[in-house]
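Engineer:
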Amino acid sequence: MRAESVVTPVAAARPLVLGPSLTRTGVVLGFGAVLGVAAMAAAVTAGSVGIDLGDTAGILGRRLLGLPLPVTWPASSETIIVDLRLPRVLTAMLVGGGLAIAGTVFQGLLRNPLADPYIIGTAAGASLGATLGIVAPLIVPALAVGAGTAWLGIGVVQLLAFVGGLGTVLLVYAIARGGGRVPVVTLLLTGYAVSAVLAAGVALLMFFSGRVLGAIFGWLMGSLAGASWSQLAFAAPLVGIGFVLLLVRWRRLNVLLLGDAQAAHLGVDVEREKLILTALASLTTSAAVAISGTIGFVGLVVPHVLRLATGPDHRLLLPASALYGASLLTLADLGARLAGGIPVGIVTALLGAPFFLWLLRRSRSVRAGLS
Amino acid sequence: MITRLRPLLLAVLAAIVLGACTPSGSPNTSPASLAPAFPLTLTDAAGRSVTIPSDPLRIVSLAPSNTEIVCALDACDRLVGVTDFDDYPAEVADIPKVVIAAQVDLEKVVAAEPDLVLAAGNELTPSSVIDDLAELGLPVLVLYPSTLEEVYQEIHLVGAAIGARDAAETVVADMLERADAVARAVAGAPAPRVFYEVGVFAGTIYTAGEDSFLASLVAAAGGEPITGDPLSTSISLEQLIAADPQLILLGDAAYDPSITPAAVALRPGWHVMSAVRDGSIRIMLDDPVITRPGPRIVAGLEALARAIHPDLFDPI
Numbered sequence: 000m001r002a003e004s005v006v007t008p009v010a011a012a013r014p015l016v017l018g019p020s021l022t023r024t025g026v027v028l029g030f031g032a033v034l035g036v037a038a039m040a041a042a043v044t045a046g047s048v049g050i051d052l053g054d055t056a057g058i059l060g061r062r063l064l065g066l067p068l069p070v071t072w073p074a075s076s077e078t079i080i081v082d083l084r085l086p087r088v089l090t091a092m093l094v095g096g097g098l099a100i101a102g103t104v105f106q107g108l109l110r111n112p113l114a115d116p117y118i119i120g121t122a123a124g125a126s127l128g129a130t131l132g133i134v135a136p137l138i139v140p141a142l143a144v145g146a147g148t149a150w151l152g153i154g155v156v157q158l159l160a161f162v163g164g165l166g167t168v169l170l171v172y173a174i175a176r177g178g179g180r181v182p183v184v185t186l187l188l189t190g191y192a193v194s195a196v197l198a199a200g201v202a203l204l205m206f207f208s209g210r211v212l213g214a215i216f217g218w219l220m221g222s223l224a225g226a227s228w229s230q231l232a233f234a235a236p237l238v239g240i241g242f243v244l245l246l247v248r249w250r251r252l253n254v255l256l257l258g259d260a261q262a263a264h265l266g267v268d269v270e271r272e273k274l275i276l277t278a279l280a281s282l283t284t285s286a287a288v289a290i291s292g293t294i295g296f297v298g299l300v301v302p303h304v305l306r307l308a309t310g311p312d313h314r315l316l317l318p319a320s321a322l323y324g325a326s327l328l329t330l331a332d333l334g335a336r337l338a339g340g341i342p343v344g345i346v347t348a349l350l351g352a353p354f355f356l357w358l359l360r361r362s363r364s365v366r367a368g369l370s
Numbered sequence: 000m001i002t003r004l005r006p007l008l009l010a011v012l013a014a015i016v017l018g019a020c021t022p023s024g025s026p027n028t029s030p031a032s033l034a035p036a037f038p039l040t041l042t043d044a045a046g047r048s049v050t051i052p053s054d055p056l057r058i059v060s061l062a063p064s065n066t067e068i069v070c071a072l073d074a075c076d077r078l079v080g081v082t083d084f085d086d087y088p089a090e091v092a093d094i095p096k097v098v099i100a101a102q103v104d105l106e107k108v109v110a111a112e113p114d115l116v117l118a119a120g121n122e123l124t125p126s127s128v129i130d131d132l133a134e135l136g137l138p139v140l141v142l143y144p145s146t147l148e149e150v151y152q153e154i155h156l157v158g159a160a161i162g163a164r165d166a167a168e169t170v171v172a173d174m175l176e177r178a179d180a181v182a183r184a185v186a187g188a189p190a191p192r193v194f195y196e197v198g199v200f201a202g203t204i205y206t207a208g209e210d211s212f213l214a215s216l217v218a219a220a221g222g223e224p225i226t227g228d229p230l231s232t233s234i235s236l237e238q239l240i241a242a243d244p245q246l247i248l249l250g251d252a253a254y255d256p257s258i259t260p261a262a263v264a265l266r267p268g269w270h271v272m273s274a275v276r277d278g279s280i281r282i283m284l285d286d287p288v289i290t291r292p293g294p295r296i297v298a299g300l301e302a303l304a305r306a307i308h309p310d311l312f313d314p315i
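Protein chains in written order, with numbering that gives the first Met the number 0: chain A, 0 to 370; chain B, 0 to 315.
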């Protein structure tokens with residue numbers, strides 16, 4: 000009779016207000032911060048071109064802190080560190096953090112352990128947008144390289160991916176809405192069906208894409224190879240806004256875990272909250288995806304792992320997801336770069352999935368953790 | 000008053016004259032001995048305006064055809080970065096690879112400290128990579144010839160860009176002579192319908208796209224090219240049967256020894272084509288030269304002409 004209570008059998012059994020202890024919060028966030036800094040340091044230091052550790056520190060000191068250090072390195076090293084590696088590492092942190100927090104929100108909101116940031120259409124919409132952007136110059140030569148294709152500091156591909164991702168979620172939401180309500184199951188199925196249509200569009204474009212097939216493929220796999228300061232400047236404010244506005248809604252997310260009916264009884268405007276949370280998580284996801292392609296697994300696994308470690312309280316879960324997601328993607332991208340520039344999505348799936356399986360067998364309580 | 004201003008006036012005058020001279024670029028503006036060759040502003044195949052500040056001594060090539068052009072202009076020793084696909088001439092084997100498995104490694108390009116990057120157009124070098132390199136302040140010249148005529152133009156362009164105009168003249172003159180010889184030989188001969196097989200992947204047949212370089216090369220070699228979709232370069236078996244090729248050239252046989260005339264004749268449905276019935280199926284081991292728009296493209300043209308009109312040429 001009450002579908003929600005079937006999905007979350009142990010929901011009512013969990014204490015609602017009692018979050019993790021202060022020490023646990025400190026340990027989880029503290030270790031996450033250390034991991035994040037270490038991942039950043041490693042990722043800036045290592046790359047396909049070996050740059051002396053002292054030089055790297057010197058370049059960062061001069062350019063970031065303005066220290067009057069003597070230049071003992073070739074100009075090319077400075078370009079590699081400041082214009083190639085640094086924006087790429089920061090993009091990895093931003094995208095990883097954004098995907099993980101969006102994944103946390105969707106898993107909680109939809110009360111579905113399979114939910115990830117892409118589940119209601121962001122990935123399919125962004126992919127179609129990006130593919131259109133990549134294929135367009137073949138048909139309209141004026142859009143080709145060097146013809147002034149940058150708007151808002153980003154390329155047409157990034158812009159179309161962002162618009163496609165966000166637009167698709169809004170479309171899915173509008174279709175799923177009936178009688179002023181958006182049932183979770185309807186939302187999921189609508190997202191699935193709309194995604195299937197858009198994926199067919201992507202496949203069609205790929206077939207006729209000729210020489211840009213490789214570019215489309217790389218985008219679909221997810222890659223940070225195109226990271227730049229200008230792309231970062233576009234995505235960072237959007238992800239940042241999404242992050243902060245999601246973070247302050249942790250209490251409502253906790254209440255929604257109880258199911259729509261229970262949450263309504265507790266005074267939450269469920270439908271309004273669902274719309275706001277979906278919009279914010281989709282904004283975060285779309286901005287991240289626009290500059291990285293569809294990187295899988297980070298947004299699915301990180302929330303689950305942290306739920307196992309910290310429990311379901313979103314007050315800790317949301318910031319911790321962002322922190323660990325950022326670290327994970329930074330390390331994965333470092334691996335991708337050192338492995339000869341393969342798409343980072345391959346690394347996240349190749350290493351993330353077995354780790355997740357191991358954790359799943361060890362704990363057997365991932366689903367329960369969702370409640 | 001006037002005398003005190005004279006140095007200033009002279010300086011202004013000099014600036015105007017120099018300013019008018021610097022953006023040379025087209026080879027015919029002034030005799031090379033008078034105008035300084037660099038800085039030089041050129042327009043590349045993507046229509047981009049590229050300024051090269053001084054005679055490039057450290058060149059990175061992002062495509063094998065670009066490498067071959069540089070080496071044909073006797074500037075092989077100026078290459079500081081090439082692709083892992085480069086195989087000609089032999090001396091490029093020792094040059095650091097900055098493109099690995101078709102991925103441009105930006106860090107390696109920057110570390111090579113190039114003063115000129117030769118990229119390939121039409122997404123052979125991804126346009127995002129070209130934008131990134133230009134944003135890093137590197138002079139990037141995009142080359143993408145889509146006809147034989149444009150190969151000559153681009154060799155001239157590279158010749159200008161690296162201060163080797165005379166060498167470019169010599170190379171192009173030699174190429175023109177050989178292409179003319181082919182044109183004279185095949186002139187007047189009936190042009191058979193030629194299907195050039197680029198590859199067959201997952202049942203989809205790929206050939207020369209409509210209006211593609213390959214199609215123009217087949218035409219120049221005295222054949223009538225059967226073409227596929229201009230974007231995907233694929234052709235359906237039905238279309239191919241309807242086009243009824245009189246000659247099948249197997250470019251993919253250069254890389255896959257299992258592709259033989261006998262195997263092609265056994266493909267379902269292919270037996271109805273004139274070429275299969277007449278046994279006019281040839282393997283094209285010269286495919287790497289035919290599909291690489293560099294100085295050796297005329298050798299590819301000769302190979303195609305020999306395959307299409309074996310009776311018009313002396314046996315090698």
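Built from N, CA and C at the ideal position, the CB exists for glycine as well.
1. Note down the Cα distance separating residue 373 of chain A from residue 347 of chain A, rounded to an integer number of angstroms.
2. In this structure, how does DSSP classify residue 49 of chain B when only helix, strand and coil are distinguished?
3. Between the stretch 300 to 311 of chain A and the stretch 240 to 249 of chain A, do three or more beta carbon pairs fall short of 8 Å?
4. Can you check DSSP and say which residues form a bridge with residue 180 of chain A?
5. In the DSSP assignment, find the unbroken beta strand (DSSP E) run with residue 190 of chain B in it and report its ends.
6. Check residue 196 of chain B in the structure and name its three-state DSSP category.
7. Under a three-way DSSP split, which group does residue 160 of chain A fall into?
8. When the distance is taken between beta carbons, is residue 104 of chain B closer than 8 Å to residue 318 of chain B?
9. Taking residue 151 of chain B as part of the alpha helix (DSSP H), name the residues at either end of that continuous run.
10. Name the residues in the stretch 218 to 243 of chain B whose C-beta lies less than 9 Å from a C-beta of chain A; which are they?
11. List the residues of chain A whose Cβ lies closer than 7 Å to the Cβ of residue 107 of chain B, in chain order.
12. What residues of chain A sit near residue 287 of chain B, judged by a beta carbon separation below 7 Å?
13. Which residues, in order along the stretch 102 to 130 of chain B, keep a beta-carbon less than 7 Å from a beta-carbon of chain A?
14. Residue 170 of chain B and residue 71 of chain B - do their beta-carbons sit closer together than 8 Å?
15. Is it true that the CB of residue 295 of chain B sits closer than 8 Å to the CB of residue 67 of chain B?
16. Under 8 Å, Cβ to Cβ, is there at least one residue of chain B near residue 78 of chain A?
17. Can the beta-carbon of residue 198 of chain B be found closer than 8 Å to that of residue 229 of chain B?
18. In chain B, which residues lie with their C-beta within 7 Å of the C-beta of residue 82 of chain A?
19. Please report the distance separating the alpha-carbon of residue 309 of chain B from that of residue 302 of chain B.
20. Mapping DSSP to helix, strand and coil, what is residue 80 of chain A?
21. Which first and last residues belong to the alpha helix (DSSP H) in which residue 68 of chain A is found?
22. Could you tell me whether the stretch 212 to 232 of chain A touches the stretch 330 to 346 of chain A, using the rule of 3 or more Cβ pairs below 8 Å?
23. Are the CB atoms of residue 255 of chain A and residue 270 of chain A within a distance shorter than 8 Å?
24. Below 7 Å CB to CB, which residues in the same chain sit around residue 50 of chain A once its five sequence neighbours on both sides are set aside?
25. Can you tell me whether residue 245 of chain B is helix, strand or coil according to DSSP?
26. Using the beta-carbon of each residue, which ones in chain B are nearer than 8 Å to residue 210 of chain A?
27. Compute the distance between the beta-carbons of residue 44 of chain A and residue 34 of chain A, then report whether it is under 8 Å.
28. With distances taken between CB atoms, is the gap from residue 288 of chain A to residue 114 of chain A smaller than 8 Å?
29. When the distance is taken between beta carbons, is residue 99 of chain A closer than 8 Å to residue 238 of chain A?
30. Expressed to the nearest angstrom, what Euclidean distance is found between the alpha-carbon atoms of residue 252 of chain A and residue 286 of chain A?
31. How is the beta strand (DSSP E) around residue 250 of chain B delimited, first residue to last?
32. In this structure, how does DSSP classify residue 223 of chain B when only helix, strand and coil are distinguished?
33. Looking at chain B, is there any beta carbon in it that lies within less than 8 Å of the beta carbon of residue 227 of chain A?
34. Given this structure, state the Cα-to-Cα distance separating residue 214 of chain B from residue 234 of chain B, to the nearest angstrom.
35. How many Å lie between residue 163 of chain B and residue 53 of chain B at the Cα?
36. Does chain B have any CB closer than 8 Å to the CB of residue 96 of chain A?
Structural biologist: Walking through what the data contain:
1. Absent from the model: residue 373 of chain A. The displayed extent of chain A is 0 to 370, so no value can be given.
2. strand
3. no
4. A:177
5. Here residue 190 of chain B belongs to no beta strand (DSSP E), and DSSP marks it neither H nor E.
6. strand
7. helix
8. Not covered by the structure: residue 318 of chain B. The range shown for chain B is 0 to 315.
9. Its alpha helix (DSSP H) spans residues 147 to 160.
10. Within the stretch 218 to 243 of chain B, the residues whose Cβ lies closer than 9 Å to some Cβ of chain A are 228, 229, 230, 231, 232, 233, listed in chain order.
11. 47, 48
12. What residue 287 of chain B touches in chain A: nothing, since even the nearest Cβ is about 18 Å away.
13. 102, 104, 105, 106, 107, 109, 110, 112, 121, 122, 123, 125, 126, 127, 129, 130
14. Yes, the pair counts as a contact, with Cβ atoms nearer than the cut-off.
15. At the C-beta level, residue 67 of chain B and residue 295 of chain B come within 8 Å of one another.
16. yes
17. no
18. 135
19. 10 Å
20. helix
21. Counting along the chain, residue 68 of chain A falls outside any alpha helix (DSSP H), and DSSP gives it neither H nor E.
22. yes
23. no
24. 76, 79, 80
25. In this structure, residue 245 of chain B counts as coil in the three-state DSSP scheme.
26. 121, 122, 123
27. No. Outside cutoff.
28. no
29. no
30. 22 Å
31. Premise fails: residue 250 of chain B is in no beta strand (DSSP E) and is neither H nor E.
32. The answer is strand: DSSP assigns residue 223 of chain B an E or B state.
33. yes
34. 13 Å
35. 13 Å
36. With 8 Å as the cut-off, residue 96 of chain A does not count as an interface residue toward chain B.
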